[in-house]
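Throughout the sequence shown, residue numbering follows our numbering, covering 12 to 311 in sequence.
Below you'll find the structure, written out as structure tokens, and then a few comments.
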Amino acid sequence: MSGSRRTTTRIPGDRPEVPRELVLRARRIDRSLQKAYPDAHCALDFQSPLDLYVATVLSAQCTDERVNMVTPHLFARCRRPEDYLALGPAGLEEIIRSTGFFRAKARNILAGCQAILDRHDGELPRTMEELVKIPGCGRKTANVILGNAFGTPGITVDTHMGRIARRLEFTAEKDPVKVEAELQQLIPEQDWTMFSHRVISHGRAICDARKPLCSECPIRRDCPYPDTIDALPVAKAAKTAKTPKASSRANAQASTKTKKTSTAKASPTARTSKPGKRSSAAKTSKKATKAGKRTKKASA
Ligand code: SF4
């Protein structure tokens, strides 16, 4: 937004020294993401800072697409904080119901609008310090508003940003505020907002929480995480190796009677167990026997 007052959102307590290689790698990654996601932008539709505040509150535990389906109707009715207050809890809840947690969200939005009226003459404040005092507005929401409505750079640490920053080994922290502080040391301040959009786009398109598509990833070359993924075939192989043992259950069943008798004798717990179920003590004893056999084979 032109003519907006630029105030830094840098978190105090910066790391004294950041390895140069890490900084260079972070900037290389950001350049690659810039090429991969040239149109990255705030996914929430809004026309005013107040719209963005409301949309961001609604986006908690909800997709941006769903929020964007709800907000046109809402924003058409509510342009000022007074409009939301006039709508009241029931009216607001009815409109935002499909975004989930609608009662809590309505409560926050109404309390936020009241605070904006009481303390800021109906205008959303433009500093992190003031924004985080508005109900429903945590540091993440404040960074979204500052970066996208007021042109003040901010790093938004949502679930995508936190996960990817850890996979890229930019940080080991889980606390979003600490993640933000560490990222601030790696990325130039003027790029914070766009860096956030690019990383969030990457998290949605490629670097999925459960199944990251590392083989298609534009920053794979600079990401240490695939080494962990590459270890997976070993794990898979170990899993597959277990399957034949499982399929040879039929053979094992032939001797089940004998084993049951022996485990029952070996463990008092086994005697009280339900028929057909092995007690944990029995399982342990079986594992120990197998391990013993393996050791014998190895030493032979
Ligand atoms: S290489 Fe894999 S883990 Fe690393 S950023 Fe790309 S998708 Fe994510």
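Where a beta carbon is used, it is the ideal one built from N, C-alpha and C, also for glycine.
If the five residues before and after A47 are omitted, its C-beta is found closer than 6 Å to the C-beta atoms of P229, all from its own chain and listed in chain order.
Closer than 7 Å to some heavy atom of the ligand SF4: that describes the Cβ of C234.
Closest in alpha carbon position to T167, among L135, F112, E200, is E200. Non-local C-beta neighbours of N154 in its own chain, meaning closer than 7 Å and more than five positions away in sequence, comprise T20, G165, I166, T167, ordered along the chain.
Closest in C-alpha terms to C73, from the list L55, C89, L85, S59, comes L55.
Shown here for R231: same chain residues with a beta carbon closer than 8 Å to its own, the five before and five after excluded, namely C225, P237 in chain order. V29 is positioned such that its CB atom lies closer than 8 Å to that of Q196.
Comparing alpha-carbon positions, the option among E141, A122, C234, R38 lying closest to V68 turns out to be A122. In this structure, L103 lies near A117, with their beta-carbon atoms less than 8 Å apart. In this chain, the alpha helix (DSSP H) harbouring R118 covers 113-131. E193 places its beta carbon less than 8 Å from that of F181. Residues of the same chain with a CB within less than 8 Å of the CB of L63, apart from the 5 flanking positions on each side, are C53, L55, F57, V155, I156, N159, A160 in chain order. Cβ neighbours of C148 within its own chain (closer than 6 Å, five residues either side excluded): L142.
A direct Cα-to-Cα measurement between T110 and S70 gives close to 7 Å. Using a 10 angstroms sphere on the CB of G133, the tally of other CB atoms stays under 16, which defines it as exposed. Considering only R150, F206, Q125, the residue with the shortest C-alpha distance to I175 is F206. If you draw a 10 Å sphere on the C-beta of G99, you find fewer than 16 other C-beta atoms in it, and that means exposed. DSSP places Y48 in the coil class of the three-state scheme, outside both helix and strand.
Distances from the alpha-carbon of A51 to those of I211, I217, R221 put I211 closest. In the structure shown, the three-state DSSP call for I211 is helix. Nearest to T82 by C-alpha distance, out of E105, R36, P49, A101, is E105. CA-to-CA, the gap between R88 and G214 works out to about 34 Å.
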